[in-house]
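2 protein chains.
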Amino acid sequence: MGRVSDARQRLLEATNELTWKLGYNAVTVDAICEKADVRKGSFYHYFESKPALAKAALEAQWESYSRPLLEASFAADIPPLERLKRYMETMYKNQKEKKQRGERVLGCPIFSVAMSGEGVEAEVVEAAQRALKRKLRYFQTAIQDANDAGLIKVDDTEAATQAVYSLFEGAWARARIQNSPEPLAGLYEQALRLLGAAEQESPPKKSRVA
Amino acid sequence: MGRVSDARQRLLEATNELTWKLGYNAVTVDAICEKADVRKGSFYHYFESKPALAKAALEAQWESYSRPLLEASFAADIPPLERLKRYMETMYKNQKEKKQRGERVLGCPIFSVAMSGEGVEAEVVEAAQRALKRKLRYFQTAIQDANDAGLIKVDDTEAATQAVYSLFEGAWARARIQNSPEPLAGLYEQALRLLGAAEQESPPKKSRVA
DNA sequence: CTTGAATTTGACTAGACGGTCAACTATACT
DNA sequence: AGTATAGTTGACCGTCTAGTCAAATTCAAG
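So the sequences go chain by chain: U and P.
Here our numbering runs 312 ahead of the position in the first sequence, where the first position is 1.
Here our numbering runs 312 ahead of the position in the second sequence, where the first position is 1.
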């Protein structure tokens, strides 16, 4: 019964856009309301507080953005290393296109929130941490599968996975910092080295002098 | 002439401590003043604004903290790969000890500020970016030296350096997120794989099944 | 001991912030 | 058509925030 509205959805989207660009603490309730074209009273009709909205927004973003992107690249019917390749190259292309469109390179929408640590309500940080852990699982599965298929050569699969993940998140974070997609370029090849799985080699060059 | 004081210094230190823990936007001038035991009026005697202080604090931190740590590990008379090893293991130990002392694992004091992007005054972000670029140069020199000495085997030295740096910063960031030093454990060995410089090998194991 | 510059102080402001509320409006269901 | 209910509105509040200032204090140097 009663009226219908998509104000809740608009609030979630506005929150994610602003938080991605500015970081959680730099985003105000007023700014969210303005962007979503919703009055403050309505805001508190849908969410009991700013952190509650931020938490819901992160979860919505996981479902509508991050998860689909991951599922597309990490589909189980794709060869395991191909999954990594697809994901990394898709992310690179995404950021590159953004840059060419004149937009800023914003990196991972979840990572910067997760990094806030204290200084942001635990509720929000924990939602971001959960999302990052889920993301890690795609890497773990793919690399485990690659290992089972004998495609990689590592002493410690888990350590290698962590390293690939750190490499990826680090590159993505640096892309944001530099406002450039370049740190994400050629990441797959670097990941292969971590995994002891040199691909079809191009002719190796010897050392060169500075 | 006139009075002498170390209030300026105390303000810089308080700013760095709080920013490291909470992130720039969660730190208020009042909190800084309280921690430094300085009244607000004095604050604005020494710094013309909050971002101006933050910028000065980042520069002070580079000189008094980051730079010494880097210089100690990356001294030119140490073999190039040994430099990387020392740095990474020092950072790991640092964070591990912090954790054992019951403190939080805070990661890189500069990285989180640099990641703020818009939403933090350009002045502050740029100071952080400068510091990160300087840090990268230590990696570049060490890896270039390793390459010149034939210690590593990479097609593209610069790309490998970027990857090692992304790996390191990514791991450090994840350490903060997880409040655990573990992402930094064994990083040097992973870096060696990126550089095509397998160390004194332990007997290699073949793939294993989940 | 005087002088005057450097420093300290606390009270002050204006605006932004997160959040509240009671009244109002639209509409899906009976 | 009537009504309960979901959604909307804008004015309002207390607190926090960055920043100001004129007056008071300290002390190095002449």
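Heads up, the beta-carbon is just placed ideally off N, CA and C, and yes, glycines get one too.
Of the candidates U:444, U:471 and U:445, the residue whose Cα lies closest to the Cα of residue 456 (chain U) is U:471.
Here residue 446 (chain P) carries a helix assignment [DSSP, helix/strand/coil]. The Cβ neighbour count for residue 458 (chain P), taken over all protein chains shown within 10 Å, is at least 16; the residue is labelled buried. Between the alpha carbons of residue 376 (chain U) and residue 449 (chain U) lies a gap of roughly 18 Å. About 5 Å separates the beta carbons of residue 484 (chain U) and residue 420 (chain U), which is inside the 8 Å limit, making them a contact pair. Using a Cβ-Cβ cut-off of 7 Å, residue 498 (chain P) is close to 471 of chain U, given in chain order. Residue environment: residue 385 (chain U) is assigned as buried (16 or more neighbouring CB atoms within 10 Å of its CB, all protein chains considered). Counting only residues of its own chain and dropping the five nearest sequence neighbours on each side, residue 372 (chain U) has a CB closer than 6 Å to the CB of 324. Contact between residue 489 (chain P) and residue 427 (chain U) holds, with the beta-carbon distance rounding to 6 Å and staying under 8 Å. Residue-level contact by beta carbon holds for residue 427 (chain U) and chain P, with a gap shorter than 9 Å. Taking C-beta atoms as the reference points, residue 500 (chain U) and residue 401 (chain U) count as a pair closer than 9 Å. Contacts with chain P (Cβ-Cβ distance below 7 Å) from the region 391 to 410 of chain U involve no residue at all.
For the pair residue 439 (chain P) and residue 496 (chain U), the Cα-to-Cα distance works out to about 23 Å.
Judged by DSSP in its simplified three-state form, residue 455 (chain P) adopts helix. Each residue's CA atom was taken as its position, placing residue 391 (chain U) and residue 505 (chain U) some 18 Å apart. In this structure, the straight-line span from the alpha carbon of residue 335 (chain U) to that of residue 414 (chain P) is close to 28 Å. In the DSSP assignment, residue 349 (chain U) falls outside any alpha helix (DSSP H), carrying neither H nor E. DSSP places residue 340 (chain U) outside any alpha helix (DSSP H), giving it a letter other than H or E.
DSSP places residue 503 (chain U) inside the alpha helix (DSSP H), whose first and last residues are 499 to 506.
Approximately 6 Å separates the beta-carbon atoms of residue 393 (chain P) and residue 463 (chain P); this is inside 8 Å, confirming the contact.
Of all residues in the region 332 to 364 of chain P, only 333, 334, 335, 337 and 338 come within less than 7 Å of chain U when Cβ atoms are compared, listed by chain position. Its chain contains 345 as the residues whose beta carbon lies nearer than 6 Å to that of residue 355 (chain P), once the 5 sequence neighbours on both sides are disregarded; these appear in chain order. Just measuring C-alpha positions, the residue of P:487, P:509, P:475 and P:507 sitting nearest residue 494 (chain U) is P:475.
Assignment of residue 421 (chain U) by DSSP, reduced to helix, strand and coil, places it in the coil class. Within 8 Å of the CB of residue 495 (chain P), the CB atoms of chain U belong to 474 and 478, in sequence order along the chain. For residue 328 (chain U), the enclosing alpha helix (DSSP H) starts and ends at 319 to 334.
Leaving aside the five residues that flank residue 408 (chain P) on each side, the residues in its chain whose CB is nearer than 6 Å to its CB run, in chain order, 493. In its chain, beyond the 5 residues on either side, 448 and 451 have a beta carbon closer than 7 Å to the beta carbon of residue 477 (chain P).
As the crow flies, the alpha-carbon of residue 352 (chain P) is around 21 Å from that of residue 436 (chain P). Restricted to the region 345 to 414 of chain P, the alpha helix (DSSP H) segments that are unbroken, complete and at least 4 residues in length are 352 to 358, 362 to 373, 379 to 385 and 392 to 412, listed in chain order.
Distance between residue 404 (chain P) and residue 378 (chain P), taken at the CA atoms: about 15 Å. Here the C-alpha atom of residue 468 (chain P) lies approximately 21 Å from the C-alpha atom of residue 481 (chain U). In summary, residue 314 (chain U) is exposed, with fewer than 16 beta-carbon neighbours lying within 10 Å of its beta-carbon over all protein chains present. Residue 316 (chain U) sits exposed, since fewer than 16 C-beta atoms from the chains shown fall within 10 Å of its C-beta.
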